[in-house]
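Everything on this sheet refers to the single structure shown next.
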Amino acid sequence: MEEHRVPGVVVSVVVGGELQHAAGYGAARLDPYLAASADTPFQTGSVSKMLTFTALMQQVDLGTIRLDADVNDYLTSFQVPPAFGTPITPRHLLTHTAGFEDLPVVGLLAREEAALLPLGELLERHLPNRVRPPGEAAAYSN
């Protein structure tokens, strides 16, 4: 934490679906100071992408998802509209080459849990436009 100037973290260890350890270290807030605890919420940001990518690759290993299939084959609550004559694939999503515009973080944050939308509903309402053919260029996209 000191080396990377991280003011606070929460660490949880789960083994076999059971919580084995949870603790907060450092500060949840600096001014006024508030110590981090096991219950301190921190925004995960892009760390969740690695968890999502790992889960996706586990499904690829199991044969339930194909990296070069149309993502619409796996979507149930909405579909990505066709554009450029080429579907978006899981591989495009993993490599940030899907061709979506990068939108502000619309609807991903809320002051109350009740205001959060399920991901499928959020994407159905706020799906970014496709602005380039998939696979053409890498462009960071949430």
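Residue 531 is where the sequence shown starts when you use our numbering, and the numbers rise one by one after that. Each residue gets a CB set at the ideal place from its N, CA and C atoms; glycine is no exception.
Option nearest Pro620 by Cα separation, candidates Phe614, Val601 and Arg660:
Val601
Short of 8 Å in beta carbon distance, which residues of its chain neighbour Gln550, apart from the five on each side in sequence? Order them along the chain.
Val543 and Val544
Output the boundary residues of the beta strand (DSSP E) element that contains Ser542.
Element bounds for Ser542: Gly538 to Val545.
Span separating the alpha-carbon of Leu581 from that of Val590:
14 Å
Using only the alpha-carbon positions, how far apart do Ala552 and Pro611 sit?
43 Å
With DSSP as the reference, please indicate the residues paired to His551 in a beta bridge.
Answer by DSSP bridge pairing, in chain order: Val543.
With Tyr670 and His626 assumed to form a contact (beta carbons below 8 Å), what rounded beta-carbon distance in angstroms separates them?
5 Å
I'd like the span of the beta strand (DSSP E) that includes Ala613, first residue to last.
That residue, Ala613, is in no beta strand (DSSP E); it is neither H nor E in DSSP.
Proximity winner among Glu642, Gly546, Asp603 and Pro658, relative to Pro571 (alpha-carbon distances)
Glu642
Run the proximity test for Ser578: is its beta-carbon closer than 7 Å to any non-hydrogen atom belonging to the ligand COA?
The ligand COA is not part of the structure shown, which contains no ligands of any sort.
Classify Phe630 as helix, strand or coil using the three-state DSSP reduction.
strand
Give the C-beta separation of Ala557 and Ala568 to the nearest angstrom, bearing in mind that I take them to be a contact with Cβ-Cβ under 8 Å.
Actually they are not in contact, since the Cβ atoms of Ala557 and Ala568 sit about 14 Å apart, beyond 8 Å.
In terms of residue numbering, what span does the beta strand (DSSP E) encompassing Leu564 cover?
In the DSSP annotation of this structure, the continuous segment of the beta strand (DSSP E) that includes Leu564 starts and ends at Tyr563 to Ala565.
Report back the beta-carbon spacing between Ala613 and His622 to the nearest angstrom; my notes put them in contact at under 8 Å.
That pair is no contact at about 12 Å.
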